[in-house]
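There are 2 protein chains.
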Amino acid sequence: MTRTMTVVKKSKLSDQVFQKLRFMVLDNQLKVGNYYLEQELAEQLGSSRTPLREAAIRLEQEGLLEIVPRRGIYIKPILAPQMAEIYQVLSWLETAAISIACSKPVDPDKIAELERVTNNMIEALEHDDLVAWAENDNLFHQILISLSQNNELISLVNSYWEKTNRARMLTLRIRKPPVQSSQEHRSVIEALKQGDVETAIAINTQHRARASGELTNLLEAINP
Amino acid sequence: MTRTMTVVKKSKLSDQVFQKLRFMVLDNQLKVGNYYLEQELAEQLGSSRTPLREAAIRLEQEGLLEIVPRRGIYIKPILAPQMAEIYQVLSWLETAAISIACSKPVDPDKIAELERVTNNMIEALEHDDLVAWAENDNLFHQILISLSQNNELISLVNSYWEKTNRARMLTLRIRKPPVQSSQEHRSVIEALKQGDVETAIAINTQHRARASGELTNLLEAINP
DNA sequence: ATGTATTTTAATGTATACATTACAAAATAC
DNA sequence: GTATTTTGTAATGTATACATTAAAATACAT
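Now the structure itself:
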């Protein structure tokens with residue numbers, strides 16, 4: 003007989019440390035441009051240096067920080083020019099996904115989902131719920147990419163989206179919610195329905211370019 | 003006075019282990035689908051488990067292997083469908099790079115470089131020097147991408163190129179050298195010169211699609 | 001003989017101890 | 001007082017010891 007019991011989470015400590023440390027960087031608890039000692043971070047996160055080190059190595063590969071030989075763990079700044087490049091790459095990847103999506107008949111269920119989250123965005127804006135707005139914006143682009151049915155592309159886009167997320171979190175309070183976004187999403191959906199690749203791509207590219215411009219301006223204002 | 007002395011490389015052991023281990027995977031010394039114990043690998047590479055572990059974590063993120071809790075380090079196979087996806091992404095990224103490159107006047111020096119390495123490829127083929135051929139093929143695409151002047155894109159393409167490299171190394175002996183490649187490169191150069199974006203993209207896409215097709219067929223033949 | 005419970009074992013995950021070394025401060029020479 | 005050498009120290013990099021645990025092996029009962 004199988005005993006039913008509470009399944010206690012037993013993820014590796016190094017994984018927990020990884021997620022916590024990651025959040026601390028994204029949440030700007032660890033200040034950009036600063037150095038932090040392994041020992042201190044380890045204690046702060048309730049682990050020894052080993053799991054902390056393993057987490058830091060992963061985050062270094064993600065580009066969030068740098069392990070500098072005798073100075074500590076360096077929190078890398080998000081420079082405006084780099085963020086612009088990242089947005090450009092993101093925009094191209096989405097363009098590719100849209101092209102693929104339009105080359106075959108688009109799944110009506112997916113279209114419905116896109117419409118649903120767009121409505122959610124509008125509603126969220128009306129209630130001044132920025133977090134809900136951001137979540138649905140995120141969802142919209144995830145669904146859009148999933149249309150490509152290329153898993154490699156999907157995870158790649160996700161990783162780039164995360165990179166921009168950091169900048170968005172930094173500037174969430176500063177920037178005014180882009181009311182245009184929902185309308186742009188509507189247009190993309192419309193173009194998808196009619197298989198109008200060119201238009202869908204054009205709108206999305208424009209959408210990204212505007213978002214990129216706004217963010218990089220804010221970043222330049224924040225950084226020296 | 004500064005004494006001049008032989009500068010001995012003092013890279014971290016974990017870095018050396020990383021590179022060695024990486025090469026062992028790419029070179030198929032560690033067989034795909036097999037599990038290897040940390041202890042054994044560490045001894046084999048002349049280090050303790052700690053540096054080996056750090057190296058393995060990095061390679062896990064690169065997607066070459068997987069650290070499986072109580073079984074060992076698993077060398078991930080390259081599955082044909084995944085490789086097809088990777089090639090598709092690579093192709094799109096190059097398409098993006100070419101678009102950008104063509105949107106501004108192309109640096110004549112770069113064009114000259116492209117022509118040089120293409121000639122090198124032809125010459126290498128005449129001497130049956132597959133390694134030199136592969137090196138120059140690599141160079142061609144590197145230069146092509148560098149035209150985009152987007153560093154994020156450049157490093158991204160490089161990482162994808164490396165992923166395909168693994169499959170190429172596996173199949174280098176089997177496949178016949180694609181004599182068409184040089185001609186395709188020539189056509190891309192010609193299109194670039196005339197700022198003919200559409201043609202340049204079309205040829206490159208076709209080029210990649212063919213390479214992808216050949217490789218995935220071979221991979222399917224090798225794997226179960 | 002088969003299925004269940006218990007013990008053993010072997011491998012990872014984590015903590016810690018030790019070695020190494022870049023940087024800085026102090027000391028000495030001029 | 002400045003420059004150079006020496007020494008000290010603090011932090012990482014590496015090795016190792018220990019804890020944990022999933023799976024295999026064994027024992028046992030039915």
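Residue numbers (my numbering), protein chains in the order written: chain B, 3 to 226; chain Y, 3 to 226. The C-beta atom is built at its ideal place from N, Cα and C for all residues, glycine as well.
query	result
Is the Cβ of Y/Ile191 closer than 9 Å to any Cβ of chain B?	no
Where does Y/Thr6 land, buried or exposed, given buried means 16+ other C-beta within 10 angstroms?	Its pLDDT being 35, under 50, Y/Thr6 is placed unreliably in this model, and the value from its coordinates should be taken loosely. Under this definition Y/Thr6 is an exposed residue.
Give the interface partners of B/Val91 over in chain Y, defined as CB-CB distance under 9 Å, in chain order.	Leu95, Ala98, Asn152, Glu154, Leu155, Leu158
If you draw a straight line from the alpha carbon of Y/Arg73 to that of Y/Gln144, how long is it in whole angstroms?	39 Å
Does B/Leu81 pass the burial test, meaning 16 or more other C-beta atoms within 10 Å, or should it be called exposed?	exposed
Where B/Thr218 and Y/Leu43 are concerned, what is the direct C-alpha to C-alpha distance, given to the nearest angstrom?	46 Å
For Y/Val70, which residues does DSSP report across the bridge?	Y/Gly74
Below 8 Å CB to CB, which residues in the same chain sit around B/Glu216 once its five sequence neighbours on both sides are set aside?	Arg177, Pro180
Spatial neighbours of B/Arg188 within its chain, please: CB distance less than 8 Å, with the 5 preceding and 5 following residues excluded, ordered by chain position.	Thr120
Do you know offhand how far B/Arg212's Cα is from B/Val190's?	15 Å
For B/Asn160 and B/Ser148, what's the separation of their Cα atoms in angstroms?	10 Å
My parser needs the alpha helix (DSSP H) runs of 4 or more residues fully inside the region 111-161 of chain Y; what are they?	132-148
On a Cα-Cα basis, can you pick out the residue from B/Asn140, B/Ser184, B/Lys165, B/Gly48 that is closest to B/Glu227?	This structure leaves residue 227 of chain B out entirely; chain B is present only between 3 and 226.
Measure the CB-CB distance between B/Met85 and B/Leu221 and report whether it falls below 9 Å.	yes
The alpha helix (DSSP H) with B/Gln21 in it runs from where to where?	15-28
Opposite B/Tyr37 in the DSSP bridges: which residues?	B/Tyr76
Any C-beta of chain B within less than 9 Å: which residues of the region 27-58 of chain Y qualify?	Thr52, Arg55, Glu56
Which same chain residues end up closer than 7 Å to B/Tyr38 when comparing Cβ atoms and leaving out the 5 residues on each side of it in sequence?	Leu32, Gly74, Ile75
By the 8 Å beta-carbon criterion, what residues does the region 65-93 of chain Y contribute toward chain B?	Gln84, Glu87, Ile88, Gln90, Val91
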